[in-house]
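Visitor:
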Amino acid sequence: MVNDIDAEAPICSESHQPSSGESPPLEMEESQLMAEFFGILADPTRLRLISLLSVSESCVCDLAEGLSISESAVSHQLRALRNARLVRYRKSGRQVFYTLHDHHVLSLYENVKEHLKE
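Residue numbering for the sequence shown follows the numbering used here, starting at 324 and increasing by one per position.
(1) Going by other Cβ atoms of all chains shown within 10 Å of its Cβ, with 16 needed for buried, is I373 buried or exposed?
(2) Which residue or residues does DSSP assign as beta-bridge partners of Y421?
(3) Which residues mark the beginning and the end of the alpha helix (DSSP H) in which L439 is found?
(4) Taking the Cβ atom as the reference point for each residue, do S444 and Y421 lie within a distance shorter than 8 Å?
(5) Within 10 angstroms of the Cβ of Q317, are there 16 or more other Cβ atoms? Answer buried if so, exposed if not.
(6) Check whether the region 378-388 touches the region 355-368, counting contact only when three or more Cβ pairs, one atom from each stretch, lie closer than 8 Å.
(7) Would A407 and F360 qualify as a contact pair, given that the criterion is a beta-carbon distance under 8 Å?
(8) Assign E350 to one of three DSSP states: helix, strand, or coil.
(9) Check the C-beta distance from L401 over to V428 and give it rounded, since I have them as a contact under 8 Å.
(10) What is the C-beta distance between R411 and H424, in whole angstroms, given that I count them as a contact (C-beta under 8 Å)?
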């Protein structure tokens with residue numbers, strides 16, 4: 324059985340290809356890397372960690388307390404964020420303090436947060 328909508332849909336006879344001044348689509352390799360990057364951000368706990376780190380540098384124990392989860396769980400999520408270069412750390416004696424990697428991460432977080440409010 325043919326769908327009535329498909330049977331009546333007009334066929335486009337014009338080319339709508341981008342002009343030479345527009346950028347081409349992402350190459351497959353670059354799109355794969357970007358998909359993996361966004362996959363890291365697809366975890367609610369990681370996003371909550373980023374939200375805390377957008378305000379100030381923090382140690383694992385403070386992050387765990389702020390999210391009401393174990394330090395082990397925080398460390399596990401921070402490792403994934405560190406591997407994706409979303410956070411970085413510095414050591415002070417035996418303590419390790421985490422912060423967002425750079426202003427790009429903060430901008431990405433703030434832009435998505437603002438977009439969702441609209």
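Quick reminder that beta carbons are idealized off the backbone N, C-alpha and C, glycines included.
All of these numbers come straight from a predicted model, not from anything done at the bench.
Guide: By the coordinates alone:
(1) buried
(2) S381, Y412
(3) 426-440
(4) Lying before the first or after the last residue shown, residue 444 is absent from the chain, which here runs from 324 to 441.
(5) This structure does not reach residue 317, given that the chain is present from 324 up to 441, and the question cannot be answered.
(6) no
(7) yes
(8) coil
(9) Contact flag wrong, Cβ pair sits at about 13 Å.
(10) 5 Å
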